[in-house]
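Have a look at the structure below, then the notes.
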Amino acid sequence: MKLNKAMAFVMALVLALYLALALRHALDFFSSGEPIGYAMGAALLVLPLIGVWILFVEVRFGIRLDGLVRRLERADGMPEPLPATPSGRADLDAALEAFPVARDDAKANPESWESWLRLSMAYDAARDRKRARKAARKAIELSKAK
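When we follow the numbering used here, the leftmost residue of the sequence shown carries the number 686, and every step to the right adds one.
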């Protein structure tokens, strides 16, 4: 987890450096006085800003999710640990076997952020990142309502 936080910080620093360099080059393009220069300058401003927005959204998601995991740990609501492969990932067969429990819990408790967070963890262990993120977003949304 600490490595992920460090990598996010490094990415933010790299993006800040890139944004500064892009701004400098954008100003050079704007000073050319040519229409193509204005277009290139605008592109150099807009594209990095999109990158900043994406980074902001992802970091905010990670912070909120980390907070929910900590709350679940304090409440002693974490799912049972699964056997791990030598690489440290959850064993896929064990994850697929444990998945129905989390799915049924989320179906039985659709307004429980805890159930949705456990479902997110089950999807992640089963290597379905897209659904894991969707369930995590649902858990975050439900936790705000409480």
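Just so you know, even glycine gets a beta-carbon here, dropped at the ideal spot from N, CA and C.
Own chain partners of residue i with C-beta closer than 8 Å, once the 5 adjacent residues on each side are dropped
i      : result
Arg788 : Leu804 and Ala807
Phe715 : Gly722, Tyr723 and Gly726
Met696 : Leu740
Val737 : Leu700 and Leu704
Counterpart residues of residue i in DSSP-defined beta bridges
i      : result
Ala693 : For Ala693, which the question treats as bridged, DSSP gives no partner whatsoever.
Ala769 : Ala775
Distance between beta carbons of residue j and residue i, contact taken as under 8 Å
i      : j      : result
Leu767 : Ala783 : 6 Å
Ala701 : Leu730 : Not really, about 15 Å apart at Cβ, beyond 8 Å.
Gly752 : Glu799 : Going by Cβ atoms, the distance from Gly752 to Glu799 rounds to 13 Å, so no, they are not a contact pair.
Ile825 : Leu706 : Not confirmed; about 34 Å, so no contact.
Close Cβ partners of residue i (< 6 Å) along its chain, the five nearest in sequence each way excluded
i      : result
Ala811 : Ala780, Leu781 and Phe784
Trp815 : The sequence as given places Lys at residue 815; Trp does not occur at that position. Correct list: empty, nothing qualifies.
Option nearest residue i by Cα separation, candidates the options
i      : options                           : result
Asp790 : Ala820, Pro771 and Asp813         : Ala820
Leu734 : Gly718, Pro771, Leu708 and Ile748 : Leu708
Arg822 : Val754, Ala691 and Asn689         : Val754
Ala830 : Arg814, Asp813, Ser797 and Lys815 : Ser797
Arg745 : Arg814, Lys690 and Leu827         : Lys690
Val786 : Met696, Pro764 and Leu732         : Pro764
Gly747 : Gly736, Pro771, Ala693 and Ala793 : Ala693
Ser828 : Pro771, Ala793, Arg814 and Arg756 : Arg756
Same chain, Cβ closer than 7 Å to residue i, neighbours up to 5 away in sequence not counted
i      : result
Asp809 : Ala817
Is the number of C-beta pairs between the region 734–741 and the region 770–779 that are closer than 8 Å three or more?
no
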